[in-house]
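Report on one structure; see the data block that follows.
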Amino acid sequence: MSEREKRRRLLVLGVCLIGSVAAGGGPQGAARLAAAAAPAASGRYAVLVVANQTTSDTVPMDADWWHDLIVQYQALKDDGFADEDISVVYGAGSDFQSQTDTYSSTKRFKHNITTLPLTFQGISDAFAAANSRLRMGGYLYVAWSSHGTQVSGSNPCEAELYLEIAGTQHVVSSSMLKQWVQSVTQAGRITLSVNACSSGQVGELFAGVPGTIVLTAAQCGLNSFDISDDACNQLPASEFSYFQTEALRQKDICDKGVSSDINGDGRVSFDEVAQHLCRMQLSKPQVFDPFGIAKTTSLKGAFP
Amino acid sequence: MLAFALSVPAGLANAAFPAASALFRFVLAVGVFSVTSAPLSAAVSAIPIPAPPTDLRSCSLASSDRFLWVLDRATKKVLRFELAHGTALGSFGVAALQPVALAFDGTSLLLADQQRQRLYFLDPSTGVERRSVPLPMPRDKGPGSVEAMSWDGESLWTAIFAGQSSSFNEINIASGKIVRSIFANCIPLGLAVVKHRLLSLCYRAKNLPPALAEHDLSSPDNATVELSRKWLPLLDTVGRVIALSYDGRGRLWCVDPDRHQAVPCAVLE
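Shown next as structure tokens:
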């Protein structure tokens, strides 16, 4: 067994199954960015990036992009995140107009949620806003959702993973994503959730970054899946986002209770999220926690 | 009697058509569908498919302006029908280990073998093998299965189910290479490429008819092609159909597993 393989095995805490994510937009985006540019004030910040676009509410894998974004945003709101502490990068900078009550941002949150367009600049601005807004040592939550394309002919666990930016000629390499996350130097603890095929490669890449937990939808070389028919509302959802967010919320998108607070301490740590992900049936997620901090990290950041 | 299985990715098949086996048993008992179906009217609106001994969960379609071929994956047989009148013209077996998809290139019937990852060129009347070539898969999109194929006049297209990396792939037969690969952003149940229009049947839910998507292949790059998707209406009478083929005369054909028929499922303008 190579040293790299040994290290990889040590880093992988949980190996079970997959998923996907989504995004949205709105005119209040400028105000929120302005707030983010104000003096650092917040103890936590979230960046949600969905690098694809939804065109239908009812077609699995197409609808997943937006639907998963809504549940990510809802998980943050449930935990008390302020709107101005969340950057959402999606599409042309405006929300998908869902025809469902469940996934309509204006019905669920009473406002649009997308703050930035899906461009390199938009993504970069979101991370800059996080660094500007966070106080030193704060908590950063990043949820990235896109296609993941392996480099042909290479070992998918060692090569770069290309994260396609839909509608553009660009792809984001996993190294580029790492640079963006690390540009938030104010963050003392980070959770990165990557919903993409072969996204386990990203976890490998972050192995040496202190204070960072990485959740990925699929092991390197494997794909992630949709679970529409098994979702509580029978609407499209990616398996990974569905299970991850219901663990964080302690309830599914239909608001039915979920027992994810395993030790009953009143909060869901990312170690407990990792255990919940083992319920996935189609995909094989991974959780990378080389520094053993998942047990003391929740959406509120680090706790004793 | 021949078996038919309609084209649904394996993980979805059982959930999508739970009543199929019972329906087949009923069909066999009453003898509603037989191999010797009588010719229909000139404006044929449906072609009965002989009742299979197994279940209707996966099949593939190919067509010309005169004939329709239905691949029954379960029995490894191809049934041939005359389109104008819906006449059944018989069937032939195929030697593939895992036959999964059909296409017609104007001369040969193309058959994909998932297990061998080869493409067979068959005599469209007899099924006699003329030649075979390797079938390339989009390795950069992870492991996947061929769900459907279509010939656009110059290239072969495959629809690959690979979870969220499902894709449509243009293959240059001469070079044996994939020259274009587009994310499907759906679970593909059928594929028909007509000039610059890539039409795909996308799974929605086990109780809903699928959706018909169109991509504009004349767009300059893959990213634009992916975002060019628009949704086209299926005919009102269409149920939970699968598979897709264009007859060259303005009609897209599908297979209705509940009614044991090949049916026109959309009209192209």
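Residue numbers (the working numbering), protein chains in the order written: chain A, 21 to 324; chain B, 1150 to 1418.
For each residue, glycine too, the CB sits at the ideal point set by N, CA and C.
When C-alpha distances from A:V67 are compared across A:L136, A:V307, A:W85, A:A322, the shortest belongs to A:L136.
Contact of B:D1370 with chain A by beta-carbon distance below 8 Å involves Q189. With contacts defined by Cβ atoms closer than 8 Å, B:A1245 and B:R1215 do not form a contacting pair. Considering only beta carbons, the part of the segment 1278-1298 of chain B lying closer than 9 Å to chain A consists of P1287, R1288, D1289, K1290, G1291, P1292, G1293, in chain order. The residues G158, Y159, G321, in chain order, have a CB closer than 6 Å to that of A:R64 in the same chain once the five nearest residues on each side in sequence are set aside. Under the three-state reduction of DSSP output, A:Y93 falls in the helix class.
If you check the CB distance, B:P1248 and B:A1297 do not come in under 8 Å. With respect to the 8 Å criterion, A:A237 and A:S303 are classified as neighbours on the basis of their beta carbons.
Runs of the beta strand (DSSP E) lying entirely within the segment 103-189 of chain A, each at least 3 residues long, are 106-110, 154-165, 168-170, 181-184 in chain order.
Scanning B:L1417, B:P1406, B:G1312, B:Q1263 for the CA closest to the CA of B:L1348 turns up B:L1417. No Cβ of chain A is located within less than 8 Å of the beta carbon of B:G1235. Residue-level contact check: A:D82 touches chain B, since one or more beta carbons of chain B fall below 8 Å from its beta carbon. Of all residues in the segment 1372-1392 of chain B, only A1372, T1373, E1375, L1376, R1378, K1379, W1380 place a beta-carbon less than 9 Å from a beta-carbon of chain A.
Within chain A, D249 have C-beta atoms less than 8 Å from the C-beta of B:K1355, given in sequence order.
For A:R269, the uninterrupted alpha helix (DSSP H) run begins and ends at 259-269, by DSSP. Interface with chain B (8 Å Cβ-Cβ cutoff): A:G241 is included. For B:S1315, the C-beta contacts it makes with chain A under 8 Å involve M81, in order along the chain. Contact of A:D246 with chain B by beta-carbon distance below 8 Å involves G1312, Q1313, I1336.
Beyond the five residues adjoining it in sequence on each side, B:L1340 comes within less than 8 Å, by CB distance, of E1296, A1297, M1298, S1299, W1306, T1307, A1308, F1317, L1347, L1348, S1349, L1350, L1393 in the same chain, given in chain order. C-alpha of B:D1254 to C-alpha of B:V1343: approximately 12 Å in a straight line. Close to B:A1360, with beta-carbon spacing below 8 Å, are these residues of chain A in chain order: S76, T78, V79.
CA-to-CA, the gap between A:M81 and B:A1362 works out to about 13 Å. The Cβ neighbour count for B:L1271, taken over all protein chains shown within 10 Å, is at least 16; the residue is labelled buried. With fewer than 16 other CB atoms across the displayed protein chains lying within 10 angstroms of its CB, A:C298 is exposed. Beta-bridge partners of A:T236 (DSSP): A:V214, A:Q306.
Comparing C-alpha distances from B:S1194 to each of B:S1213, B:H1234, B:K1226 shows the shortest one belongs to B:H1234. Every beta strand (DSSP E) of 3 residues or more that sits fully in the segment 1286-1340 of chain B is shown, in chain order, as 1294-1300, 1305-1310, 1316-1321, 1326-1332. Not a single C-beta of chain B is nearer than 8 Å to the C-beta of A:T265. Rounded to the nearest whole angstrom, the C-alpha separation of B:K1226 and B:L1259 is 14 Å.
Listed along the chain, the chain A residues whose CB falls inside 7 Å of the CB of B:C1351 are V79. Residues of chain B with a Cβ closer than 8 Å to the Cβ of A:H167 are, in chain order, Q1313, S1314, F1332.
A:G241 and B:R1279 have their C-alpha atoms roughly 36 Å apart. At a Cβ-Cβ threshold of 8 Å, A:V108 and A:P256 do not count as neighbours. Around A:T232, the same chain offers I210, F226 as residues with beta carbons nearer than 6 Å, after the five sequence neighbours per side are excluded. The closest CA to that of A:A149, considering only A:F129, A:T205, A:V191, A:K130, is found on A:T205.
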